[in-house]
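Below is one structure, written out as structure tokens; the observations come after it.
In my numbering, the protein residues as written are 134 to 230.
Now the structure itself:
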């Protein structure tokens with residue numbers, strides 16, 4: 134999984150990059166930085182390199198999963214979550230009256 138694969142999936146499923154998705158992508162970028170450092174030491178065949186690559190891929194899939202989840206919910210969790218919960222509670226209160 135690389136950046137191009139990520140963008141292809143996001144475009145194919147019409148997903149958007151929210152703040153939560155970006156948090157996951159930042160973790161993937163951090164893991165890529167570690168991979169670059171390990172490669173500079175010629176450690177591509179080590180278990181550390183393999184585990185770091187797996188963590189990077191997991192972070193990218195987590196970003197995609199959150200984007201899918203937000204699409205199903207119809208709102209962005211970090212950006213819109215508070216107002217959606219407030220609206221839900223207000224509607225719930227109105228129903229109870």
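Note that the Cβ used here is the ideal one computed from N, Cα and C, for glycine as well.
Inset, instruction - Using 10 angstroms around the beta-carbon of residue 185, count the other beta-carbons present and answer buried if the total reaches 16, otherwise exposed. - result: It counts as buried.
Inset, instruction - Measure the Cβ-Cβ separation of residue 148 and residue 201 and say whether it is below 8 angstroms. - result: yes
Legend entry - Cα-Cα separation, residue 161 to residue 180: Their backbone Cα atoms lie some 18 angstroms apart in a straight line.
Inset, instruction - Compute the Euclidean distance between the alpha carbons of residue 165 and residue 141, then round it to the nearest angstrom. - result: 19 angstroms
Inset, instruction - List the endpoints of the continuous alpha helix (DSSP H) containing residue 207. - result: It is not in any alpha helix (DSSP H) - residue 207 carries neither H nor E in the DSSP assignment.
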